[in-house]
Amino acid sequence: MERREAVIELEGVKKRFGALQALDGVTFTVERGDIFGYLGANGAGKTTTIRILLDLLRADSGRVSVVGDPTDQVETRRRIGFMLDADGLYDQLTAVENLRFYGKLYGCSPSAEELAALLESVRLSDRAKDRAGTYSKGMRRRLALARALVHDPEVLILDEPMSGIDPTGQIEIRAIIQNLVHERGKTILLSSHDLDEIERLCNRIALIDQGEIRVTGDLKKLLGAGGEGRVTIATSAPVVPAILAEIRDRFGVETGGAGSTTLDLRLPAGVRNADIVSFLSAHGVGVEGVAAKHTSLEELYAAILKEREA
Ligand SMILES: Nc1ncnc2c1ncn2[C@@H]1O[C@H](COP(=O)(O)OP(=O)(O)OP(=O)(O)O)[C@@H](O)[C@H]1O
Ligand SMILES: [Mg+2]
60 MERREAVIEL EGVKKRFGAL QALDGVTFTV ERGDIFGYLG ANGAGKTTTI
110 RILLDLLRAD SGRVSVVGDP TDQVETRRRI GFMLDADGLY DQLTAVENLR
160 FYGKLYGCSP SAEELAALLE SVRLSDRAKD RAGTYSKGMR RRLALARALV
210 HDPEVLILDE PMSGIDPTGQ IEIRAIIQNL VHERGKTILL SSHDLDEIER
260 LCNRIALIDQ GEIRVTGDLK KLLGAGGEGR VTIATSAPVV PAILAEIRDR
310 FGVETGGAGS TTLDLRLPAG VRNADIVSFL SAHGVGVEGV AAKHTSLEEL
360 YAAILKEREA
């Protein structure tokens, strides 16, 4: 298997605000080329984690590194771009002036061509000379994203990049994020409380709940869409118990819906949909439809939170 490089690492990170244990031993790793979704409800601890990653806040204990170094090093911080809730834009400055200003802060002076290309990449070319104060919220988000990219960092950390953006704007920002990772080799950590957004965009996730990571890993694997699949088979007539029992014996599958015309199966590795279908037809059970089914992130989320309450 391909060995991947850890770009952001947190290990046992704790942070307390007075009586509140905001982070209680947060551990996860973002690998190069990830669009990593940091998922959690309001108040779960996402922004606190991100502020610690950016060295805007000091952890009580634990270890944090981005691109292999502690984040309090100036050199490390040049390799990171970020976007927080406050977009940090100057209303009185034009888009180009905002970018030039932030470029200087990072010790780089992007050329006019570079700035034009950057604004083009966030689809703001036509508003480059307008003041940020005249921008709509979605446009501000895109300019803030350009601002985060002005020093061409290899890692981007985005706190709720889609918040307050309409569906069309979200599609645009998603496309920009995908392009940054797939065409330009960036690594992105983004936080969100929106399951749907994370499911559309991210390849790996960590789910934080009350300051603790409940689950982390490859999203497809977590949702069971790889290897072991779930499948729903619609039959033309109810499946008799004897055949159900035999399906269990032969394939080791869990079956649901005895007496109904729907079988919900969880296929073990090595068993294909076709094996079940041919078995059914050999036993005179007509199959009207086969639908691969994967757990939605929403189901996973609900299951994890339920476990916590139990
Ligand atoms: N500076 C602070 N002082 C006291 N409590 C804080 C501070 N910053 C965060 N908290 C608390 O820590 C907890 C986690 O907050 P955090 O902002 O990290 O959540 P979040 O996951 O980003 O939530 P949201 O989705 O609402 O942005 C909350 O209970 C919050 O009130
Ligand atoms: Mg937050």
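Just so you know, the sequence shown maps onto residues 60 to 369 in this note's numbering. Glycine included, C-beta positions come from ideal geometry on N, C-alpha and C.
beta-carbon residue i near ligand 2 non-hydrogen atom, thresh 7 angstroms
| i | result |
| --- | --- |
| Glu219 | yes |
| Thr321 | no |
Beta carbon of residue i nearer than 8 angstroms to that of residue j
| i | j | result |
| --- | --- | --- |
| Asn262 | Asp93 | yes |
| Ala118 | Val72 | yes |
| Thr294 | Gly228 | no |
| Lys74 | Thr107 | yes |
| Ile267 | Leu278 | no |
| Ile272 | Thr86 | yes |
| Leu254 | Glu357 | yes |
| Ser251 | Gly96 | yes |
| Val181 | Arg199 | no |
| Val125 | Thr135 | yes |
| Val349 | Asn332 | yes |
| Ala154 | Ala187 | yes |
| Leu282 | Leu359 | yes |
| Ala191 | Leu217 | no |
| Ile247 | Leu239 | yes |
| Leu82 | Gly104 | yes |
| Ala203 | Gly147 | yes |
| Leu177 | Phe141 | no |
| Gly162 | His210 | yes |
Closest Cα partner of residue i within the set the options
| i | options | result |
| --- | --- | --- |
| Pro327 | Thr135, Leu278 and Thr314 | Thr314 |
| Leu115 | Ile363, Leu174, Glu256 and Val133 | Val133 |
| Arg406 | Ala207, Ala362, Val155 and Arg199 | Because residue 406 is not part of the residues shown, which for the chain are 60 to 369, the question remains open. |
| Thr291 | Ala301, Thr321 and Ile264 | Thr321 |
| Asn157 | Asp144, Phe141, Ala65 and Leu174 | Leu174 |
| Arg289 | Ser355, Arg122, Lys196 and Thr135 | Ser355 |
| Leu249 | Leu282, Leu215 and Val209 | Leu215 |
| Glu64 | Asp189, Lys245 and Leu112 | Lys245 |
| Val274 | Ala154, Ile363, Gly127 and Asp146 | Ile363 |
| Ser319 | Val298, Arg331 and Ala341 | Val298 |
| Leu69 | Leu79, Ala81, Val89 and Gly77 | Val89 |
| Val330 | Asp308, Asp128 and Met142 | Asp308 |
| Ala205 | Arg159, Glu242 and Leu113 | Arg159 |
| Leu339 | Ala301, Asp185, Phe141 and Lys365 | Ala301 |
| Gly127 | Ala296, Pro226, Glu213 and Asp225 | Glu213 |
| Ala351 | Tyr161, Gly77, Gly343 and Arg325 | Arg325 |
| Asp225 | Ser195, His210 and Leu183 | Ser195 |
| Ile67 | Ile111, Ala78 and Leu98 | Ile111 |
DSSP state of residue i mapped onto helix, strand, coil
| i | result |
| --- | --- |
| Arg325 | strand |
| Ala191 | helix |
| Met60 | Only weak support exists for where Met60 lies, its pLDDT of 48 falling under 50; the coordinates are left without a value. |
| Lys73 | strand |
| Gly286 | Only weak support is given to the placement of Gly286: the predicted model assigns it a pLDDT of 44, under 50, and the value that follows is read from those uncertain coordinates. Gly286 falls in the coil class under three-state DSSP. |
| Arg117 | coil |
| Gln80 | strand |
| Tyr161 | helix |
| Val181 | coil |
| Met136 | In the sequence on display, residue 136 carries Arg and not Met. Three-state DSSP puts Arg136 in a helix. |
| Gly343 | coil |
| Ala361 | helix |
| Leu143 | coil |
| Asp128 | strand |
| Gly197 | helix |
| Gly311 | coil |
| Glu173 | helix |
| Gly228 | helix |
### Query
So which residues put a beta carbon under 6 angstroms from any heavy atom of ligand 1, going in chain order?
Checking every Cβ against the heavy atoms of ligand 1 under 6 angstroms gives Phe76, Leu79, Ala81, Gly99, Asn101, Gly102, Ala103, Gly104, Lys105, Thr106, Thr107 and His252.
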